[in-house]
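One structure is given here, and the rest of the page talks about it.
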């Protein structure tokens, strides 16, 4: 059996399961965003954009130490061993672990510019660092500050890090 509908058929959908609320019937204490969230929750829909793929596996809020005279970005071990080292060649991983470090390209995805840094493991702290020109190429050039959130990931197809400033700290 074939089902069909006339060409000019219209389907009516109830807009809200809540009683009809005009702008004036909402409690005054709710902000516009809170009203929108409540309507979305009650209607079972959302207009919020949700990214299904976030490549930035390593996210960090910068500290004063990352911005100081040592000219290095300190990154904790756990994320590096999970998300970066498995994508590197054995030769590069050996260089990283040697303490001397490996020369790496860091692609600034925001400015579309390549930078040459050194990626190294510091056994004394058990952390990984990106160093040599970190202050000049990123902190000063990008105007990075404490509490800015950055994202980094290793792209094994291009053998380089990708960097992005994800969230600028509120300046007061």
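Numbering (my numbering), first residue to last: 3 to 174. Cβ coordinates follow ideal geometry from the N, Cα and C atoms, glycine included.
{"Query": "By Cβ distance, which residues of its chain are closer than 6 Å to residue 104, with the 5 residues on each side in sequence left out?", "Result": "94, 97, 98, 121"}
{"Query": "Assign residue 154 to one of two classes, buried (16 or more other C-beta atoms within 10 Å of its C-beta) or exposed (fewer than that).", "Result": "buried"}
{"Query": "Considering just the uninterrupted stretch of the alpha helix (DSSP H) at residue 100, what are its terminal residues?", "Result": "Note, residue 100: premise wrong, no alpha helix (DSSP H); not H, not E."}
{"Query": "Quick check on the burial criterion: 16 or more other C-beta atoms within 10 angstroms. Buried or exposed for residue 74?", "Result": "buried"}
{"Query": "Consult DSSP for residue 105 and reduce its assignment to one of helix, strand or coil.", "Result": "strand"}
{"Query": "Tell whether a beta-carbon distance below 7 Å holds between residue 134 and residue 119.", "Result": "yes"}
{"Query": "Which residues in the same chain as residue 62 place their Cβ atom closer than 6 Å to its Cβ, once the five residues preceding and following it in sequence are excluded?", "Result": "152"}
{"Query": "According to DSSP, is residue 9 helix, strand or coil?", "Result": "Low per-residue confidence applies at residue 9: pLDDT is 48, beneath 50, and the placement is therefore not dependable, though the value from the model is reported in the following sentence. If DSSP states are grouped into helix, strand and coil, residue 9 belongs with coil."}
{"Query": "Can you tell me whether residue 115 is buried or exposed? The criterion is at least 16 other CB atoms within 10 Å of its CB, across all chains shown.", "Result": "exposed"}
{"Query": "Out of 163, 137, 112, point me to the one whose CA is closest to residue 170's CA.", "Result": "112"}
{"Query": "Just to confirm, is the Cβ distance from residue 55 to residue 110 under 7 Å?", "Result": "no"}
{"Query": "Taking the C-alpha atoms as reference points, what is the distance between residue 123 and residue 167?", "Result": "23 Å"}
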